[in-house]
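Keeping their order, the protein sequence lines are chains R and S. When we follow this note's numbering, the leftmost residue of the first sequence carries the number 9, and every step to the right adds one. When we follow this note's numbering, the leftmost residue of the second sequence carries the number 21, and every step to the right adds one. The C-beta atom is built at its ideal place from N, Cα and C for all residues, glycine as well. Just so it is clear, the structure is predicted and the values come from calculations on it, not from any experiment. To start, the structure itself, in structure tokens.
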Amino acid sequence: MQRIRAMIIKELLATVRDPRARLTLILPPLLQLVVFALATTLEVKNFDVGVLDTSGGAASVAFEERLSGSRNVGRVVRLHSADELRAAIDLQTVLAAVVIDQRFDRDVAAARPARIGVVLDGRRSNAAQIVAGYLGAIAASVGAELRPDTAPQAGPASVLRNWFNPNLEYVWFTLPSLIVIICSVSALSVTAQSVARERELGTFEQLLVSPLRTHEILIGKMVPPMLSGLFNGTLYLVAAATVYGVPFTGSLLLFYTSLVVYLLSLIGVGMLVSTLSRTQQQAFLGAFLVTVPATLLSGYAGPVDNMPAWLQTISLADPCRHYLVIVLGLFLKAMPAREVWLNTYPMVIIAAVTLSAAFWLFKAKKE
Amino acid sequence: MTDAASVSDVSKRFAKSPQAALDHVSLTVRPGEITGLVGPDGAGKTTLIRILTGLLHPDSGTVAVLGAAPGARSVDIGYMPQRFGLYEDLSVQQNLSLYAELRGLNRAERAAAFAHLLEFTDLKRFQTRLAGDLSGGMKQKLGLACALVKTPRLLLLDEPSVGVDPVSRRELWAMVQGLLGSGIAVLWATAYLDEAERCARVFLLSEGKIVFAGPPAELAKSCEGRIIRLTGFAGSRRDLLVRALDQPEVADGTIQGDAVRLLLRKAGVPPDFAKIGAGTALRSEPAEARFEDGFIDLLGGGPPGTSALAQDYAKVPAQTGPAILAAHLTKRFGSFTAADDINLDIRRGEIMGLLGPNGAGKSTTFKMMCGLLTPSSGTSAVGGHSFAGGAAAVRARLGYMAQKFSLYGDLSVAQNLAFFAGIYGIRRDRQQARIDALVHIFALERYLADNAATLPLGYKQRLALACAVIHEPPVLFLDEATSGVDPINRREFWCHIMGLVARGVTVLVTTHFMDEAEYCDRIALIYRARQIATGTPDELKRLASGDADMTMEDAFIALIAKADAAREAKAA
Numbered sequence: 009m010q011r012i013r014a015m016i017i018k019e020l021l022a023t024v025r026d027p028r029a030r031l032t033l034i035l036p037p038l039l040q041l042v043v044f045a046l047a048t049t050l051e052v053k054n055f056d057v058g059v060l061d062t063s064g065g066a067a068s069v070a071f072e073e074r075l076s077g078s079r080n081v082g083r084v085v086r087l088h089s090a091d092e093l094r095a096a097i098d099l100q101t102v103l104a105a106v107v108i109d110q111r112f113d114r115d116v117a118a119a120r121p122a123r124i125g126v127v128l129d130g131r132r133s134n135a136a137q138i139v140a141g142y143l144g145a146i147a148a149s150v151g152a153e154l155r156p157d158t159a160p161q162a163g164p165a166s167v168l169r170n171w172f173n174p175n176l177e178y179v180w181f182t183l184p185s186l187i188v189i190i191c192s193v194s195a196l197s198v199t200a201q202s203v204a205r206e207r208e209l210g211t212f213e214q215l216l217v218s219p220l221r222t223h224e225i226l227i228g229k230m231v232p233p234m235l236s237g238l239f240n241g242t243l244y245l246v247a248a249a250t251v252y253g254v255p256f257t258g259s260l261l262l263f264y265t266s267l268v269v270y271l272l273s274l275i276g277v278g279m280l281v282s283t284l285s286r287t288q289q290q291a292f293l294g295a296f297l298v299t300v301p302a303t304l305l306s307g308y309a310g311p312v313d314n315m316p317a318w319l320q321t322i323s324l325a326d327p328c329r330h331y332l333v334i335v336l337g338l339f340l341k342a343m344p345a346r347e348v349w350l351n352t353y354p355m356v357i358i359a360a361v362t363l364s365a366a367f368w369l370f371k372a373k374k375e
Numbered sequence: 021m022t023d024a025a026s027v028s029d030v031s032k033r034f035a036k037s038p039q040a041a042l043d044h045v046s047l048t049v050r051p052g053e054i055t056g057l058v059g060p061d062g063a064g065k066t067t068l069i070r071i072l073t074g075l076l077h078p079d080s081g082t083v084a085v086l087g088a089a090p091g092a093r094s095v096d097i098g099y100m101p102q103r104f105g106l107y108e109d110l111s112v113q114q115n116l117s118l119y120a121e122l123r124g125l126n127r128a129e130r131a132a133a134f135a136h137l138l139e140f141t142d143l144k145r146f147q148t149r150l151a152g153d154l155s156g157g158m159k160q161k162l163g164l165a166c167a168l169v170k171t172p173r174l175l176l177l178d179e180p181s182v183g184v185d186p187v188s189r190r191e192l193w194a195m196v197q198g199l200l201g202s203g204i205a206v207l208w209a210t211a212y213l214d215e216a217e218r219c220a221r222v223f224l225l226s227e228g229k230i231v232f233a234g235p236p237a238e239l240a241k242s243c244e245g246r247i248i249r250l251t252g253f254a255g256s257r258r259d260l261l262v263r264a265l266d267q268p269e270v271a272d273g274t275i276q277g278d279a280v281r282l283l284l285r286k287a288g289v290p291p292d293f294a295k296i297g298a299g300t301a302l303r304s305e306p307a308e309a310r311f312e313d314g315f316i317d318l319l320g321g322g323p324p325g326t327s328a329l330a331q332d333y334a335k336v337p338a339q340t341g342p343a344i345l346a347a348h349l350t351k352r353f354g355s356f357t358a359a360d361d362i363n364l365d366i367r368r369g370e371i372m373g374l375l376g377p378n379g380a381g382k383s384t385t386f387k388m389m390c391g392l393l394t395p396s397s398g399t400s401a402v403g404g405h406s407f408a409g410g411a412a413a414v415r416a417r418l419g420y421m422a423q424k425f426s427l428y429g430d431l432s433v434a435q436n437l438a439f440f441a442g443i444y445g446i447r448r449d450r451q452q453a454r455i456d457a458l459v460h461i462f463a464l465e466r467y468l469a470d471n472a473a474t475l476p477l478g479y480k481q482r483l484a485l486a487c488a489v490i491h492e493p494p495v496l497f498l499d500e501a502t503s504g505v506d507p508i509n510r511r512e513f514w515c516h517i518m519g520l521v522a523r524g525v526t527v528l529v530t531t532h533f534m535d536e537a538e539y540c541d542r543i544a545l546i547y548r549a550r551q552i553a554t555g556t557p558d559e560l561k562r563l564a565s566g567d568a569d570m571t572m573e574d575a576f577i578a579l580i581a582k583a584d585a586a587r588e589a590k591a592a
């Protein structure tokens, strides 16, 4: 016990006193708390729309007014010719352009179905789709106002209700997910450096000739990433609930239990990278090599269900994937213990496999 | 003749460093001779060379290189940085081509230049080998070849011989000497004082100041008549040396074969021989002064002999079996045999030296003996316990100190000591007392809160020794533990080791300093993976040539030449 204690103290001191390690521990989580939460959103707000109006009647003016009144639309740019429209889309001054031709007002007046054209910037396909939806909604409501007689019968056929996130707040998804991402980045990078740093600095052999046993060395090296992961998890939990108002509906005990398992599986992967690396630089690149696919396969960047089947199978080996389900569940829908366990045990397996592989490799690669 | 380079009154201070790296230094390098820039690590040698190349600018003072500002005539300067400046992922040939390109050598001249250099460095067989796969000695030669790819007018060599064995060092020296005829000026930086002795002129740097400038013999001359050689004394040479060093009349002392060599503070005033228990048969004769004597004298003499570390060190109980044992140790890496049937039987209280050229299998043997490598066959044991079984318990009985002073640079001195006390299982209530005692012995009080990485080299070495002996191990493994350290600190280090050995500690040591080999009771010479000779220093000297008066370095080289000759005879 005394040896493990000395090892843990040393590892903590080495991590905290190394200016580089200190930076990787503190800066990225804080930076990403701000940047990710505000910047990575799929909502489209404040987009600019061009209008090429060759009709100029009352109906088209009403449409334009509604457009500029919408809270999602930033600026309405008036366009005067087809060439101007082309240029505006081409130079990305507008994301979409609405074309209202001469027949529009006539059709509205004559109670015929009236049409507007929409040109979208397909280079930003996702945003364009969302904008098309907005514009469709605006057109429908303008139509209902201008010709109430032709509008669908009062009382819509279906009422939308979003469970778990009634207002579809995007931060409700982003912030819990960020716990997964931040923990993986910090735990992997801190662990990956640990053995590689000793190897590079020449202290590794000093450890190996000491009475320390392999498991004592590895346990000592697991403590700093574990603590930093728990710290980051707590930081995000608190920030999400207080600053960003994301409800945490599940059990804190389940949150921390599954977080520990998640961190163990990450540490196992990081330790593998570290034992395989000869220098800190190799370890850094190795950690990068693992972190990026782990993030992409987690379901944060795009739903796992959208991936091809073989990639979905591979993603089962990604601890981030399992923990993302747990975190979102615990935040938004009070996920019960049974469900949490169903998503935790794959991480237990990953941790067991990677940690024993790291242990074995460490022993084998001593020489 | 005009100087190839001249530096006058140059000072340089680095930010964050309390001490000036160079403090009003003046020096000249003349064509056609080797100028030695001598001093321990951290004395300012590299800083001065980098100023000459134009890589660094001095804070004050003037510098002229080949009659121009530094950096202006870089085409005519050959520069071999520490670690040889090679691209390890390029082959020998590609390294040469790259340097030819950089130095602007005509394509037409290249073929002839390469052929000459490959011949000269004996690297012809290895043209396609990656530089990273060369042995230390070969890297050094390739580094030199790259510096010479276009015949320079000034050759700057930054510690070309550090970590290189005596055979390779001698070859390199001969190669450089061969260049002098064409009027090249050479500046040779080194920490080895025996190399300084062979330079035409020497500038001795210590803590950024020139403490001596002139022909090396001049410095030695200051000690003339003050060197005595003692033989025929009673008891062991180490005990006599320790007692002699404690006497106020003695400035410095070393062991030389069966003799003890002393530098007296005043000519003709030897210590009271009866007081140091030298016995009645003692013979004292004058001996020749050397450059190193002058240097030590200049620094005010060496440390006293008695080690405070040894005084309260747990006495190692007598034991019947060997303290360290190597039986038929063999290590194979694939088809390559790195160590072949090594047998060593080291008794309690004995210092065993492991010597050999780079890449000969010395490190492999050392690592197997302290449990860092598992032998392919054979066994190694410490205190009668093999590493194969409960290795952790065996490891608890040994202390280990490596050349890079494997300390945690980001941890403070106190934290390093606490860590080693913890992992070696010293009881919590005793830890602080043990740490306090070591801090006092090694005078580390001033640095307790400082990061280990920022310590001066001599203190780093003291801290490393303190950490290695914190648990009072009965066995010590020292792997080039004094490399780059100044001679005073090296002597202090050896006084501690001699003191520990007197308490029954057993020591296995590797070193490239041949004078350190003299402290050993026995030496095993490893060459081409085999143990080619084992015996006392004098036995090895006799084995080499029948003459016990030769230096250890000469004996080393002669024995290796003998082994080569025997192998060739067998092959023929």
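Just curious, the alpha helix (DSSP H) that residue i is in, first and last residue?
| i | result |
| --- | --- |
| Gly163(S) | Gly156 to Ala167 |
| Asn351(R) | Ala345 to Ala372 |
| Glu223(R) | This sequence places His at residue 223(R); Glu is not what is there. Here the alpha helix (DSSP H) through His223(R) covers Thr222 to Thr250. |
| Met372(S) | Premise fails: Met372(S) lies in the beta strand (DSSP E), Ile371 to Leu375, not in any alpha helix (DSSP H). |
| Ser397(S) | Where Ser397(S) is concerned, there is no enclosing alpha helix (DSSP H), although the beta strand (DSSP E) it sits in stretches over Ser397 to Val402. |
| Ser273(R) | Leu260 to Leu284 |
| Asn134(R) | Ser133 to Leu154 |
For the beta strand (DSSP E) containing residue i, list its first residue and its last residue.
| i | result |
| --- | --- |
| Ile552(S) | Arg550 to Gly555 |
| Asp615(S) | Since the displayed chain S opens at 21 and closes at 592, residue 615(S) lies outside it and no answer follows. |
For residue i, which three-state DSSP category applies?
| i | result |
| --- | --- |
| Ala162(R) | For Ala162(R), the pLDDT reaches just 44, beneath the cut-off of 50, and the residue's location in the model is therefore unreliable, leaving the point undetermined. |
| His136(S) | helix |
| Thr350(S) | strand |
| Ser192(R) | helix |
| Phe339(R) | helix |
| Leu110(S) | coil |
Report the option in the options whose CA atom is closest to the CA atom of residue i.
| i | options | result |
| --- | --- | --- |
| Ser327(S) | Lys590(S), Arg415(S) and Leu458(S) | Leu458(S) |
| Arg50(S) | Phe140(S), Leu174(S) and Cys390(S) | Leu174(S) |
| Pro291(S) | Arg246(S), Ala309(S), Lys335(S) and Leu207(S) | Arg246(S) |
| Gly105(S) | Gly56(S), Gln160(S) and Asp79(S) | Gln160(S) |
| Thr526(S) | Lys335(S), Ala380(S) and Val83(S) | Lys335(S) |
| Trp318(R) | Cys328(R), Leu305(R) and Pro327(R) | Leu305(R) |
| Ala140(R) | Thr101(R), Ile275(R), Asp56(R) and Ala365(R) | Asp56(R) |
| Val52(R) | Ile225(R), Thr101(R), Ile138(R) and Arg30(R) | Ile138(R) |
Given a cut-off of 8 Å on the beta-carbon distance, is the pair residue i and residue j in contact?
| i | j | result |
| --- | --- | --- |
| Tyr428(S) | Ala22(R) | yes |
| Pro219(R) | Ala438(S) | no |
| Gly322(S) | Leu265(S) | yes |
| Leu329(S) | His516(S) | yes |
| Val107(R) | Leu143(R) | no |
| Gly307(R) | Ala295(R) | no |
| Leu200(S) | Ile54(S) | yes |
| Leu33(R) | Ser194(R) | yes |
| Ser31(S) | Asp61(S) | no |
| Val505(S) | Val402(S) | no |
* Would you check if there are 3 or more beta carbon pairs closer than 8 Å linking the stretch 260-273 of chain R to the stretch 336-349 of chain R? => yes
* Do the stretch 269-285 of chain S and the stretch 227-241 of chain S make contact, defined as three or more Cβ pairs closer than 8 Å? -> no
* the stretch 299-313 of chain S / the stretch 547-559 of chain S touching (three or more Cβ pairs under 8 Å) -> no
* To do: Could you tell me whether the stretch 345-352 of chain S touches the stretch 510-527 of chain S, where touching means 3 or more Cβ pairs closer than 8 Å?
  => no
* Mind listing which residues of the stretch 423-457 of chain S have their C-beta closer than 9 Å to chain C's C-betas, in chain order? -> Among the protein chains in the structure shown, which are R and S, there is no chain C.
* To do: Could you tell me whether the stretch 106-120 of chain S touches the stretch 142-154 of chain S, using the rule of 3 or more Cβ pairs below 8 Å?
  => yes
* Tell me, please, whether the stretch 283-291 of chain R touches the stretch 205-220 of chain R by the rule of three or more beta-carbon pairs shorter than 8 Å. => yes
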